[in-house]
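Oh and the sequence shown: position 25 is 36 in the numbering used here, straight run, nothing missing.
We treat Cβ as the ideally placed atom computed from N, Cα and C, and that holds for glycine.
Working notes, beginning with the structure itself.
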Amino acid sequence: MARKYRVGILGATGTVGQRFIQLLEHHPQFEITALAASDRSAGKSFAEACAWKLAGDIPESVREITVQPIEPPIDCDIVFSSLPSSVARETEEAFARAGYPVISNSSVYRMDEDVPLLIPEINQDHLGLIEVQQTKRGFGKGFIVTNPNCAVSSFAPPLAALDRKFGVESAIVTTMQAISGAGYPGVASLDIIDNVLPYIAGEEPKVETEAQKILGKFNGTSIQKADFTVSAQCFRVNVIDGHTASVRVKLRGNSTLEEVIAAMKEFPSLGLHSSPDRFIEVLDEPSRPQPRLDRDRGNGMTVTVGRIFPDNVFDYRFVALSHNTVRGAAGSTILNAELLASKNLI
Ligand code: NAP
């Protein structure tokens, strides 16, 4: 069997870091060889440093790995980053400059012109930006690739399906985002129990802009963003995992309800290891999707859509749901790495 790629995780002790460790435990292409986090954790074994919050035990293979500071060099071929924005810009650049491919969950590089913002099923041709980036930033063989905001991961796939077939003119998106999206310890229990919070710092601008880049066209040197507007309101709700988005969309071309449903159902998945059988699952039951029932579909990598109807104000409305720490974070990073490996880019 081919040698596995050696992975280093920045922010390994956090909510997304733990999900990486869980998802990589039996991965056929990747093995974890380095873990890094803040000064609070550096120097301790992972088991000592990490307040493990996922079901099951910390995998044996990482328990005794000593957590390192977030500085190159670390012993790996590729870096998965789940660092807070406050340190991500400087740190991810340092790793890219030191020659590591960096795949990031952080928002800081997502909208930079020369950085791919990837959903592999939608825009893998944007990987062409890597060469542009390496030349522009003088990175040598290192580079930075990003995955989208966790709420965007729920509604950009159905929007992509509609944009390809009919053209999207505008959308109103209202998100209901899980508590784990705020990391750990995240939102205080006294704020979120018996409550809905109508504000998530910094979230609405991301939800209003990232999909246009993801659905943009790569012209060989840059991305021409898709020409539609999104209006967003983002809420934190009392759900542990799984972001839900209520979407109303106006289309450019003519369409029937049947065609809209078919466009979503037919959007192809990829054949990569972490690809779900279905990228978008459309449910007919009137009470779905629901976070508890649908977030783990396709091992957390499927986006579930339901309640697709004609809308009285816009053209159509629907509800989309995805697992925020899997499709919206660690699972997407791993899928991006599988894509890069399949194209011999790592
Ligand atoms: P988290 O649970 O708060 O974990 C943060 C991680 O970063 C921990 O490993 C922490 O290490 C480390 N860290 C914090 N401050 C640091 C510093 N100054 N220097 C070095 N390391 C530091 O956060 P998270 O939810 O995993 O989110 C991580 C990133 O992913 C953020 O950029 C977030 O926006 C993004 N993201 C999160 C989600 C989600 O659903 N949670 C989804 C998509 C994207 P210690 O344990 O040592 O403090």
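Query                                                                                                           : Result
Span of the beta strand (DSSP E) around Glu-180                                                                 : 179-188
Reference Phe-31, options Pro-321, Gly-311, Lys-354 and Ala-352, closest by Cα                                  : Gly-311
Cα-Cα separation, Lys-152 to Val-90                                                                             : 13 Å
Top-ranked residue by Cα proximity to Leu-201, from Val-184, Val-248 and Ile-225                                : Val-248
Check: Leu-94 C-beta below 6 Å from any heavy atom of the ligand NAP                                            : yes
Reduced DSSP secondary structure (H/G/I, E/B, other) of Leu-277                                                 : A small correction: the amino acid at residue 277 is Glu; Leu does not occupy that position in the sequence shown. Coil, per DSSP.
Which of helix, strand or coil DSSP assigns to Leu-21                                                           : strand
Assigned exposure category for Phe-177 - 16 Cβ within 10 Å defines buried                                       : buried
Pair within 7 Å by beta-carbon distance, Gly-19 and Ile-85                                                      : yes
Run of the alpha helix (DSSP H) containing Ala-340, from where it starts to where it stops                      : Per DSSP, Ala-340 belongs to no alpha helix (DSSP H) and is neither H nor E.
Three-state secondary structure (DSSP) of Glu-292                                                               : strand
Pick from Glu-71, Thr-186 and Arg-100 that is closest to Arg-259, judged by C-alpha positions                   : Thr-186
Secondary structure of Lys-15, DSSP reduced to three states                                                     : coil
Selected residue, minimal CA-CA separation from Val-250, among Cys-87, Gln-188 and Tyr-195                      : Gln-188
Beta-bridge partners of His-38, as assigned by DSSP                                                             : The partner list for His-38 (beta bridge, DSSP) is empty, contrary to what the question assumes.
Span separating the alpha-carbon of Pro-216 from that of Arg-328                                                : 21 Å
Proximal residues to Pro-39 (C-beta, below 7 Å), its chain only, five neighbours per side dropped               : His-284
When Pro-159, Pro-131, Glu-124 and Glu-132 are compared against Glu-142, the one with the closest alpha-carbon  : Glu-124
Length of the line joining the Cα atoms of Leu-173 and Leu-268                                                  : 11 Å
Nearest to Thr-313 (by Cα), restricted to the options Thr-77, Pro-321 and Leu-304                               : Leu-304
Sequence-distant residues of the same chain with beta carbon closer than 8 Å to Ala-167, five excluded per side : Ile-130, Ile-133, Pro-159, Glu-221, Ala-222, Ile-225 and Leu-226
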